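What follows is a set of notes on a single structure, which appears directly below.
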Amino acid sequence: MPSLKVNTNRFIMRLTILLFLIFLQTNSIVSQTSLDEIDLDNGKFKVGFQHYTSYDSTRTYSRVFDYTNEKIERPILVSIWYPTEQNVDDAEPLTVLDYLEILKEEEEWEHLPNDQILKWFYYQNTPANQKHLTEITTAYANMEFAKGKLPTVIYRPSFQASSIENFALCEYLASHGFVVISSPSRGTETRWFSSNSAREIETQARDTEFLIKEAGKFSFVDHEKIALMGFSFGGLSNIIVQNRNDNIKAIVSLDGTERYQYESLEQSPFFDAEKIDVPYAHMAQKEIPETVLKEDKIDSELNTVFQLYDSIVNSKVHRLRFHNLTHSYFSTLGVLFADRDKRQDKSDSEIMESYKWAAMYTLNFLEATLNKDKKALGFIENSPENNGIGKKLITQKIKQPQKQVFTFQDFNQLALNQNYENLVQLHDSILAMHPSLEIPEGNLNVLGLQLVFNPETSLQGINVFLLATKLYPNSSNLYDSLAEGYLFMGDKAKAVENFEKSLKLNPQSQNALHRLQQLKK
Numbered sequence: 292m293p294s295l296k297v298n299t300n301r302f303i304m305r306l307t308i309l310l311f312l313i314f315l316q317t318n319s320i321v322s323q324t325s326l327d328e329i330d331l332d333n334g335k336f337k338v339g340f341q342h343y344t345s346y347d348s349t350r351t352y353s354r355v356f357d358y359t360n361e362k363i364e365r366p367i368l369v370s371i372w373y374p375t376e377q378n379v380d381d382a383e384p385l386t387v388l389d390y391l392e393i394l395k396e397e398e399e400w401e402h403l404p405n406d407q408i409l410k411w412f413y414y415q416n417t418p419a420n421q422k423h424l425t426e427i428t429t430a431y432a433n434m435e436f437a438k439g440k441l442p443t444v445i446y447r448p449s450f451q452a453s454s455i456e457n458f459a460l461c462e463y464l465a466s467h468g469f470v471v472i473s474s475p476s477r478g479t480e481t482r483w484f485s486s487n488s489a490r491e492i493e494t495q496a497r498d499t500e501f502l503i504k505e506a507g508k509f510s511f512v513d514h515e516k517i518a519l520m521g522f523s524f525g526g527l528s529n530i531i532v533q534n535r536n537d538n539i540k541a542i543v544s545l546d547g548t549e550r551y552q553y554e555s556l557e558q559s560p561f562f563d564a565e566k567i568d569v570p571y572a573h574m575a576q577k578e579i580p581e582t583v584l585k586e587d588k589i590d591s592e593l594n595t596v597f598q599l600y601d602s603i604v605n606s607k608v609h610r611l612r613f614h615n616l617t618h619s620y621f622s623t624l625g626v627l628f629a630d631r632d633k634r635q636d637k638s639d640s641e642i643m644e645s646y647k648w649a650a651m652y653t654l655n656f657l658e659a660t661l662n663k664d665k666k667a668l669g670f671i672e673n674s675p676e677n678n679g680i681g682k683k684l685i686t687q688k689i690k691q692p693q694k695q696v697f698t699f700q701d702f703n704q705l706a707l708n709q710n711y712e713n714l715v716q717l718h719d720s721i722l723a724m725h726p727s728l729e730i731p732e733g734n735l736n737v738l739g740l741q742l743v744f745n746p747e748t749s750l751q752g753i754n755v756f757l758l759a760t761k762l763y764p765n766s767s768n769l770y771d772s773l774a775e776g777y778l779f780m781g782d783k784a785k786a787v788e789n790f791e792k793s794l795k796l797n798p799q800s801q802n803a804l805h806r807l808q809q810l811k812k
């Protein structure tokens, strides 16, 4: 057993080193980040916040630090920011420490003392970082939800990160009338990701889809106005979610990894760049300096290649580069707590200014795409210079979708929307805008038969055949099918009339001959 004297000497040595490090850290700080200095312009709403745990019973999970073989239903820890109209005069706003207590829960260290948070997880336990813990946010716990239907954003964090990593941005959006729902980025089986990237992307995608269903439980969520927002790895999995969920109306990517790991997307059986048919905004970090590329053995193509951007053809893409932001600073926790890389990071004031602009572009993009706000649309369509932003801060490219071919599926969707009525007028109006429109005879015949033999949609099927025989007046088969439809509906006179038209066009039509013999007995 070590002597008390040895332990005392070690304690004194450690204390001396600690005081020296604090001295260095204090004297090396040139400027300081803070929520107040980021200075986000909140909207008219106060911000409510709730955090709770739900469970996905279709998947199992193990708490990694419990060191047991127990399997439980996959816990989904949900953080939700939302507009509230409740009076908050007597309420206490959340502090940064309140958010980091959620981080403790998500890291499965619920009982960790708060004074251990900084040195236990990702950030240095410096006086500057300790000061951040006491900062006041703009969110209030468990407030009432604002009335009405609200546009909703599903947020996906970075690699193995917390649901609250971007809390300032989430509060900012909520204050402007958006609901933001997030959960932590967790591995398939435990808190940690496996080495199987495709598997973990799918797990994050399923967590996101769980959150979309979770949003469906709230009466204030507008299900026609749902967007995805992700930082880093969260951006990667969001592409998969959009590909297989038609209710997603827009995507915001905060330096999403889909720019750097396109090959990981290609491993997913659900990925198809042509299915990205909603507005997409990607905000990228500054160019990585040559020194960093060499020292960290990073492929220089990361500065120039963006294969997903090149592959998207069916939607408008907004591509922005923030010249004062490296990857970490697209999140609130990164701005406040992350270590600065002296080889490439800008000053704290420059980082905070750019984070604010990233938040503003996110808000305006969502306002334009979900709420169809013309002022916001003008903002995101403008060049950064016209928005009062210098070229040294942000550069932007906007890629228009390729001219789309109007397909039979597109036509049928519009026809369905109007209950297959006035189809001739619909066809003519579409043809005026899309002169190359082709509606195959065989497709109309199959669609008409599908509808006409369903007693609930028989008349709709007749309408399809009336359009079909107008477009293809020399088709014996279409008149034969129309006649079968009338016969199914019990209109023998019109059945005979159309079987005779079919037979006139094709005297060898055995079905028409047989049916007419039956009907004329």
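If you count by this note's numbering, then the sequence shown holds residues 292 to 812, one letter each, in order. For glycine and all other residues, C-beta sits at the position ideal for the given N, C-alpha and C. Since this is a predicted model, take the numbers as computed values, not measurements.
Looking at the ligand PLP, does it come within less than 6 Å of residue i, judged from the CB to the closest heavy atom?
| i | result |
| --- | --- |
| glycine 521 | No copy of the ligand PLP appears in this structure; indeed no ligand is present at all. |
Smallest Cα separation from residue i: which of the options?
| i | options | result |
| --- | --- | --- |
| isoleucine 603 | Pro580, Asn534, Gly525 and Lys637 | Asn534 |
| phenylalanine 561 | Lys577, Met574, Leu545 and Asn536 | Asn536 |
| serine 727 | Asn662, Phe697 and Ile503 | Phe697 |
| glutamine 687 | His573, Asp380, Gly439 and Gln716 | His573 |
| lysine 516 | Phe522, Tyr414, Phe524 and Ala506 | Ala506 |
| glycine 526 | Val355, Ser486, Ile492 and Gly752 | Ile492 |
| methionine 825 | Gln709, Ile753 and Lys694 | No answer is possible for residue 825: the residues shown for the chain start at 292 and end at 812. |
| alanine 667 | Asn457, Asn655, Asn754 and Asp630 | Asn655 |
| serine 454 | Tyr390, Leu778, Asn433 and Ala465 | Tyr390 |
| glutamine 700 | Glu775, Asn734 and Pro475 | Asn734 |
| glycine 582 | Lys633, Ala564 and Thr623 | Going by the sequence as given, residue 582 is threonine instead of glycine. Measuring from the Cα of threonine 582, the nearest candidate turns out to be Lys633. |
| serine 488 | Asn360, Gln808, Asn703 and Leu556 | Leu556 |
| phenylalanine 597 | Asp563, Ile642, Thr548 and Lys566 | Thr548 |
| asparagine 457 | Leu441, Pro475 and His467 | Pro475 |
| glutamine 451 | Phe524, Ala465, Asn420 and Lys440 | Phe524 |
| phenylalanine 621 | Tyr553, Arg447 and Lys508 | Arg447 |
| valine 471 | Glu644, Gly521, Lys683 and Ser766 | Gly521 |
| tyrosine 352 | Ser345, Glu364 and Thr344 | Glu364 |
Can you list, in chain order, the residues of its chain whose CB lies under 6 Å from that of residue i, leaving out five sequence neighbours each side?
| i | result |
| --- | --- |
| leucine 627 | Thr324 and His423 |
| glutamate 658 | Asp664 and Ala667 |
| proline 675 | Ile685 and Gln687 |
| isoleucine 567 | Ile603 and Ser606 |
| valine 321 | Caution is warranted here: a pLDDT of 37 is assigned to valine 321, below 50, making its placement in the model unreliable, and the coordinate value is therefore given only provisionally. None. |
Going by DSSP in three states, residue i sits in which element: helix, strand or coil?
| i | result |
| --- | --- |
| histidine 618 | helix |
| glycine 468 | coil |
| glutamine 415 | coil |
| isoleucine 329 | helix |
| valine 787 | helix |
| tyrosine 352 | strand |
| leucine 403 | coil |
| arginine 631 | coil |
| arginine 806 | helix |
| arginine 365 | strand |
| aspartate 498 | helix |
| arginine 550 | helix |
| glutamate 493 | helix |
| isoleucine 371 | strand |
| methionine 520 | strand |
| valine 532 | helix |
| proline 580 | coil |
| histidine 725 | coil |
| leucine 545 | strand |
| valine 626 | helix |
| methionine 434 | coil |
| aspartate 782 | coil |
Counting only the same chain and skipping the five closest in sequence on each side, list residues whose C-beta sits under 8 Å from that of residue i.
| i | result |
| --- | --- |
| valine 569 | Gln533, Ile539, Lys540, Ala541, Ile542, Ser606 and Thr660 |
| glutamine 801 | none |
| serine 319 | Reliability fails at serine 319, whose pLDDT of 38 lies under 50, so the model's placement of it is uncertain and no value is given. |
| tyrosine 600 | Arg550, His573, Val608, Arg610 and Lys690 |
| serine 466 | Asn333, Gly334, Lys335, Phe336, Lys337, Val338, Pro374 and Thr429 |
Can you name, in chain order, every residue of its own chain whose Cβ lies under 7 Å from the Cβ of residue i, other than the five neighbours on each side?
| i | result |
| --- | --- |
| phenylalanine 412 | Leu394 and Glu398 |
| leucine 312 | Confidence in leucine 312 is poor, its pLDDT being 33 and thus under 50, which makes the residue's placement unreliable; the coordinate value appears in the next sentence. No residues qualify anywhere along the chain. |
| serine 485 | Gly478, Thr479 and Glu491 |
| serine 591 | Leu584 |
| phenylalanine 670 | Asn655 and Asn678 |
| glutamate 712 | Asn754 |
Can you tell me the Cβ-Cβ gap for residue i and residue j, rounded? I've got them flagged as a contact below 8 Å.
| i | j | result |
| --- | --- | --- |
| threonine 443 | phenylalanine 469 | 7 Å |
| valine 379 | lysine 337 | 5 Å |
| lysine 647 | asparagine 615 | Not really, about 11 Å apart at Cβ, beyond 8 Å. |
| glutamate 392 | leucine 326 | Actually they are not in contact, since the Cβ atoms of glutamate 392 and leucine 326 sit about 17 Å apart, beyond 8 Å. |
Q. Hey, is the stretch 733-742 in contact with the stretch 781-790, meaning 3+ C-beta pairs nearer than 8 Å?
A. Result no; under three Cβ-Cβ pairs closer than 8 Å.
Q.
Using 8 Å as the cut-off, can you tell me whether the stretch 398-406 makes contact with the stretch 354-362, which would need three or more C-beta pairs spanning the two stretches below that distance?
A. With three or more CB-CB distances shorter than 8 Å, the stretch 398-406 counts as touching the stretch 354-362.
Q. Do three or more CB pairs link the stretch 769-778 to the stretch 750-759 at distances below 8 Å?
A. A contact exists between the stretch 769-778 and the stretch 750-759.
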